[in-house]
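Here the sequence shown stands for residues 4 to 200, where the numbers follow our numbering.
Every residue gets a Cβ at the ideal spot worked out from N, C-alpha and C, and that includes glycine.
The structure appears right after this line, and notes come after that.
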Amino acid sequence: MIHAKGILSRDLQLEILELTRNIALRSPTFIPTTPNGNKLNCEMTSCGKYGWVSDRFGYRYTEIHPQTKEKWTEMPELISSLAKTFASMVDEYDYVPETCLINYYKKTGKLGLHQDNSEFNLKPAIISISLGDDATFLVGGNKRNDVVQEILLRSGDVFILYGESRLYFHGIKKIAPNTSDLLKNGGRLNLTIRQVK
Ligand code: MD3
Ligand code: FE
């Protein structure tokens with residue numbers, strides 16, 4: 004795991020924010036339902052060749068948005084080039100950014116402890132970009148019951164999950180309201196860029 008704190012300038016954060024707004028206009032955010040019928044405490048959408056969806060049939064990647072039934076919005080060049088740059092920092096020079104999951108947390112948003120294993124290929128790194136309010140992020144080990152550490156994720160931080168850490172259990176425990184003025188209406192945005200295949 005690499006936590007690059009405050010690596011994205013304010014201007015770059017604003018540029019990425021604007022890109023996510025345009026993506027959400029064409030591929031609206033939705034609140035996924037888990038296979039058990041519960042709703043996630045987070046709004047999501049995606050861009051790129053694939054998008055992550057969850058419903059009573061399970062978690063998976065699809066090529067169409069579940070509500071609009073259209074293809075996901077293409078991934079902006081800035082987002083794919085940033086992801087390739089960060090992947091090369093962990094020696095992944097043939098990284099193909101195929102999807103960017105956009106999670107929006109209101110001030111009461113959370114994400115329970117989970118493993119990211121919906122991808123067909125579990126080897127390529129995951130690049131995470133945090134924007135807006137601070138989050139208390141939890142990360143443990145390969146087993147659900149492993150000890151977890153708390154990490155503060157702040158606007159402009161980039162987190163790189165690669166190698167062993169790629170399959171660590173993790174979640175979002177709490178959003179700290181009004182800790183950033185980047186998003187006009189508060190809350191937190193997280194972008195995770197992945198190679199799925
Ligand atoms: C640690 N998102 O979308 S990003 C997710 O802040 C997700 O929205 C959180 O977990 C968020 O699946 C955390 C940082 C992150 C992403 C993937 C990981 C941390 C990870 C995979 C393995 C270990
Ligand atoms: Fe995750």
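DSSP three-state call for residue 147: helix, strand or coil? The residue given as residue 147 occupies position 144 in the sequence shown. Looking at residue 147 - three-state DSSP - the assignment turns out to be coil, as it is neither helix nor strand.
Option in 24, 19, 55 with minimal Cα separation from residue 35: Taking the first residue of the sequence shown as 1, we reach residue 35 at position 32. Ranking the options by Cα distance to residue 35, first place goes to 55.
Straight-line gap, residue 155 to residue 6 (C-alpha atoms, nearest Å): The residue given as residue 155 occupies position 152 in the sequence shown. The residue given as residue 6 occupies position 3 in the sequence shown. Spanning the two alpha carbons is a distance of roughly 10 Å.
Contact test: residue 92 Cβ vs the ligand MD3 heavy atom, cutoff 8 Å: Taking the sequence shown and counting its residues from 1, the one referred to as residue 92 is at position 89. Checking the Cβ of residue 92 against the ligand MD3 gives no.
Closest by C-alpha distance to residue 146, when choosing among 96, 161, 166, 116: Locating residue 146 in the sequence shown gives position 143, counting from the first residue. Answer by Cα proximity: 116.
If you follow the alpha helix (DSSP H) that residue 97 is part of, which residue opens it and which one closes it? Sequence index remark: in the sequence shown, residue 97 carries index 94 (1-based). It is not in any alpha helix (DSSP H) - residue 97 carries neither H nor E in the DSSP assignment.
Rounded distance between the beta-carbons of residue 138 and residue 197, thought under 8 Å: As a first step, residue 197 must be located in the sequence shown, where it is residue number 194. As a first step, residue 138 must be located in the sequence shown, where it is residue number 135. That belief does not hold up - the Cβ atoms of residue 197 and residue 138 are roughly 19 Å apart, past 8 Å.
The alpha helix (DSSP H) with residue 86 in it runs from where to where? The residue you call residue 86 lines up with position 83 of the sequence shown. Residues 80-91.
If we ignore side chains and look at the alpha-carbon of each, how far apart do residue 28 and residue 79 end up? Within the sequence shown, residue 28 is the residue found at index 25, counting from 1. Within the sequence shown, residue 79 is the residue found at index 76, counting from 1. Approximately 14 Å, taken between the alpha carbons.
Beta-carbon separation of residue 18 and residue 81 under 9 Å? Numbered from its first residue, the sequence shown carries residue 18 at position 15. Numbered from its first residue, the sequence shown carries residue 81 at position 78. It is a contact, given that the beta carbons lie within the stated cut-off.
Whose C-alpha, out of 161, 37, 134, is nearest the C-alpha of residue 23? On the sequence shown, position 20 is the one that residue 23 refers to. It is 134 whose Cα lies nearest to the Cα of residue 23.
Taking the straight line between their C-alpha atoms, what separation do you get for residue 84 and residue 39? Counting from 1 along the sequence shown, the entry for residue 84 is found at position 81. Counting from 1 along the sequence shown, the entry for residue 39 is found at position 36. Roughly 37 Å separates the two Cα atoms.
Could you spell out the range, first to last residue, of the beta strand (DSSP E) harbouring residue 193? Mapped onto the sequence shown, residue 193 falls at position 190. Where residue 193 is concerned, the enclosing beta strand (DSSP E) stretches over 191-197.
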